[in-house]
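First comes the structure, then the notes that go with it.
Residue numbers (our numbering), protein chains in the order written: chain A, 1 to 113; chain B, 1 to 118.
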């Protein structure tokens, strides 16, 4: 079955880089996503990567995918206090019919001024 | 509307009462999802609607939970005889129709309904 795991907490200093890691079990995953959830709000898509890619960069965000190890990471450069939030990794497994997105447990990022 | 709208934003109820939560998806989004998020935990899938297909109810935790959707518009999640363990944030998301195969599935979330069962 599908399982997506993340560490629960990460603390970094403002201006440093943050790296949030995720592992997943479904080798047939097609798309992998990173969502951000700010306090009291729903999830917002940050970025996604297709499984035939190994890296995607979007401004301060870099996504790295190691498909062999089923490991996904999100790097945030020059982390700001506004980046403090919970970050969810998610995957879309390949299956017929519709596609259900499986979310990880979320990593709470704390940015220290 | 511009985004996914959920109501109420907060609901406090007494144990044993029924509650109804509402979700208005983004216009044109045929797929609609309900999730439960307990305090400090990840998202727990509850139910999924896709157009006129039979909904996927595999995530509903008990027969006290049910959901309806009218066509491709509003959905309601009903919890009967609420229990304290039902206290959580209930999130709704919608997305465009997902093609079979390799289509990406970007979900747009509402702000959620925070349910507190006393």
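Note that beta-carbon positions come from the ideal geometry of N, C-alpha and C, so glycine has one too. Bear in mind that the values here come from a model prediction, so they are computed numbers and not experimental data.
Any Cβ of chain B within less than 9 Å of the Cβ of residue i?
i: residue 77 of chain A; result: no
i: residue 109 of chain A; result: no
i: residue 101 of chain A; result: yes
i: residue 25 of chain A; result: no
i: residue 106 of chain A; result: yes
For residue i, name the three-state secondary structure that DSSP assigns.
i: residue 107 of chain B; result: coil
i: residue 58 of chain A; result: strand
i: residue 81 of chain A; result: helix
i: residue 83 of chain B; result: coil
i: residue 20 of chain A; result: strand
i: residue 100 of chain B; result: Only weak support is given to the placement of residue 100 of chain B: the predicted model assigns it a pLDDT of 48, under 50, and the value that follows is read from those uncertain coordinates. The answer is coil: DSSP assigns residue 100 of chain B none of H, G, I, E or B.
i: residue 100 of chain A; result: coil
i: residue 29 of chain B; result: coil
i: residue 5 of chain B; result: strand
i: residue 41 of chain B; result: coil
Closest Cβ-Cβ distance between residue i and chain A: below 9 Å?
i: residue 106 of chain B; result: yes
i: residue 19 of chain B; result: no
How about residue i: is its Cβ closer than 8 Å to a heavy atom in the ligand ZN?
i: residue 49 of chain A; result: For the structure depicted, the ligand ZN is absent and the ligand set is empty, with no information on it obtainable.
For residue i, count neighbouring Cβ atoms within 10 angstroms of its own Cβ and tell me buried if that reaches 16, exposed if not.
i: residue 31 of chain B; result: buried
i: residue 9 of chain A; result: exposed
i: residue 42 of chain A; result: buried
i: residue 86 of chain A; result: buried
i: residue 94 of chain B; result: buried
i: residue 117 of chain B; result: buried
Would you check if the segment 29–40 of chain B and the segment 74–92 of chain B touch, i.e. whether three or more CB-CB distances between them fall below 8 Å?
Note that the segment 74–92 of chain B touches the segment 29–40 of chain B; at least 3 beta-carbon pairs, one per stretch, sit closer than 8 Å.
Can you pull out the residues from the segment 29–47 of chain A whose beta carbon lies closer than 9 Å to at least one beta carbon of chain B?
Cβ contacts with chain B come from 30, 31, 33, 35, 37, 40, 41, 42, 43, 44, 45.
Which residues, in chain order, does the segment 41–59 of chain B contribute to contact with chain A at a C-beta distance below 8 Å?
Flagged, chain order: 41, 42, 43, 45, 48, 50, 53, 56.
Would you be able to state if there are at least three C-beta pairs under 8 Å between the segment 52–68 of chain B and the segment 8–16 of chain B?
With the rule of 3 Cβ pairs closer than 8 Å, the segment 8–16 of chain B does not count as touching the segment 52–68 of chain B.
Cβ-based contacts, 7 Å cut-off: residues of the segment 82–93 of chain B near chain A
For the segment 82–93 of chain B, the set of residues with a beta-carbon nearer than 7 Å to any beta-carbon of chain A comprises 91, in chain order.
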